[in-house]
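Only one structure is covered here, and it is reproduced in the block below.
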Amino acid sequence: MLSVSNIRGLAPEALGPTITVGEILVEIMATTIGAGFLEPQPLTGPYPSGAPAIFIDQVAQMGGSAGIIASVGNDDFGRLNIERLERDGADISAISIIADKPTGSAFVRYRPDGARDFVFNIAHSAAGDVRMTEAAHALVARAGHLHIMGSAFAIPGVADILENAIKTVKRRGGSVSFDPNIRKELVDAGRGRKLVDDILAVTDLLLPSGEELLIAADSADEATAVAKLLDGGVSEIVLKRGRDGSSFFGRDGARVDSPAFTVEEVDPTGAGDCFGATYLTCRRAGMEPERALLLANAAGARNVTRRGPMEGVSSLADLEAFIASSTTESIHA
Numbered sequence: 001m002l003s004v005s006n007i008r009g010l011a012p013e014a015l016g017p018t019i020t021v022g023e024i025l026v027e028i029m030a031t032t033i034g035a036g037f038l039e040p041q042p043l044t045g046p047y048p049s050g051a052p053a054i055f056i057d058q059v060a061q062m063g064g065s066a067g068i069i070a071s072v073g074n075d076d077f078g079r080l081n082i083e084r085l086e087r088d089g090a091d092i093s094a095i096s097i098i099a100d101k102p103t104g105s106a107f108v109r110y111r112p113d114g115a116r117d118f119v120f121n122i123a124h125s126a127a128g129d130v131r132m133t134e135a136a137h138a139l140v141a142r143a144g145h146l147h148i149m150g151s152a153f154a155i156p157g158v159a160d161i162l163e164n165a166i167k168t169v170k171r172r173g174g175s176v177s178f179d180p181n182i183r184k185e186l187v188d189a190g191r192g193r194k195l196v197d198d199i200l201a202v203t204d205l206l207l208p209s210g211e212e213l214l215i216a217a218d219s220a221d222e223a224t225a226v227a228k229l230l231d232g233g234v235s236e237i238v239l240k241r242g243r244d245g246s247s248f249f250g251r252d253g254a255r256v257d258s259p260a261f262t263v264e265e266v267d268p269t270g271a272g273d274c275f276g277a278t279y280l281t282c283r284r285a286g287m288e289p290e291r292a293l294l295l296a297n298a299a300g301a302r303n304v305t306r307r308g309p310m311e312g313v314s315s316l317a318d319l320e321a322f323i324a325s326s327t328t329e330s331i332h333a
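Residue numbering for the sequence shown follows full-length UniProt numbering, starting at 1 and increasing by one per position.
Okay, here's the thing in C-alpha cells:
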C-alpha cells in the first residue's frame, strides 16, 4: 500500500502541471466496414494517438500546463506525435526516443454493428519501453497533478513509475485522478485487483465509464459503488455515461447530472480521454462541477465528429462555440 499524505481534493493549476505516464501510438484506420484485417483494404492515417497522449494534448488545448512521460521510436510515427503534442502546448521533454524500437501502433476497423477490431503493437514497440530519464524525474518533481490510465498497467515497469510519481506529487500537495479503463478479467486476477485498490486509495478524482464504476468498487450497483468509493477517500467521482451524458458525485452528497450532446459520430476513439482532460483542467482552474461537466460533455461529443483520435481536441473557445450551436439529449440516469 502506498504511504502518502491524507490531504485530498484537486490541486489548483498554480501548483504545477498535470502529467501522465503511458503509451504514445499512431492509429491507422480501415475505411471499409467489416471484420478484421484478413484481406487487403484501403486505410487512412497515421493519426497521433494513445489514451495518455490524447488526454494530455486536450489538457494543453484547454490552457492547462501539461506533460507526458512516454517513449516513441526514431521514426516518422514518433515524430508526428511529438510535433502534435508540442504544437498544442504539451511539455515533450520527458518523451524518450528509442532508437531500436518502432513507435507503437493500432490498426482499427469498424464492424457492421459498430464494434471495432484492433491490431496493436505496444508491448514490443517503443510504447512498451517507458523510461524514467532525468527530464522525466524533473517533470514529476514539479507536477501538481498526476493522471493515471488503467491501460498503462499493461506496460512493464509503469506501475513502479506511477507509485514513485504518486509519492512525489502527493508530498508537495498535489492530486491524483484515475481513469480505470481496464478489463474486469484483468482486475479480478490477483495483482490487478491490488493495483486498482492501491490507486483508489490515493485517488482524488475517479473518472470511470459505465460498468468501470462497479468494477473499481467491486460492487453490484451504482449507488453502493459511489458510496463505497467516496467513503474510502475519493473526493469526487465523474461517471461517463456515453449517450446518457455524465454525472458528478461529491463527498458532501452532491450530485450533478449533465446531458449529452446530439452529434453524428464519426470516430469514438479518444472521446473519454478528451472528456476527462477537460473536466480535470476546468476543476483545477476553479470551475464548479456543473460547468466543468458541461464543457467535458462538449469535448467528448465534439471529438467523435472528427476522424482520428486527436483530431477533435478542443480549446475553451471551441467548446463554447460548440455548445452555443448544439442541442442536448434527455438525461436517462
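Here a beta-carbon is modelled for each residue, glycine too, at the ideal position from N, C-alpha and C.
Partner residues in the beta bridge of residue 73, as assigned by DSSP, are 98.
Secondary structure of residue 137 (DSSP, three-state): helix. Annotation for residue 230: the continuous alpha helix (DSSP H) segment containing it runs 222-231. Between the alpha carbons of residue 105 and residue 180 lies a distance of about 22 Å. Taking 8 Å as the cut-off, the Cβ atoms of residue 158 and residue 169 do not count as close.
In the structure shown, residue 244 falls within a helical segment according to DSSP collapsed to helix, strand and coil. The alpha carbon of residue 115 has as its nearest neighbour, out of 309, 294 and 269, the alpha carbon of 269. Residue 255 sits exposed, since fewer than 16 C-beta atoms from the chains shown fall within 10 Å of its C-beta. By the neighbour-count criterion, in which a residue is buried when 16 or more other Cβ atoms sit within 10 angstroms of its Cβ, residue 283 is buried.
For residue 278, the enclosing alpha helix (DSSP H) begins and ends at 271-284. Contact annotation, residue 81 with residue 24: C-beta distance approximately 5 Å; criterion of less than 8 Å satisfied.
Our two residues, residue 235 and residue 304, have alpha carbons roughly 29 Å apart in a direct line. When Cβ pairs closer than 8 Å are counted between the two stretches, the stretch 58-66 is seen not to touch the stretch 41-49, the count staying below three.
Per DSSP, residue 59 is one residue of the alpha helix (DSSP H) stretching across 51-61.
Non-local C-beta neighbours of residue 76 in its own chain, meaning closer than 7 Å and more than five positions away in sequence, are absent.
Membership of residue 143 in any alpha helix (DSSP H) is not indicated, and neither H nor E is assigned to it by DSSP.
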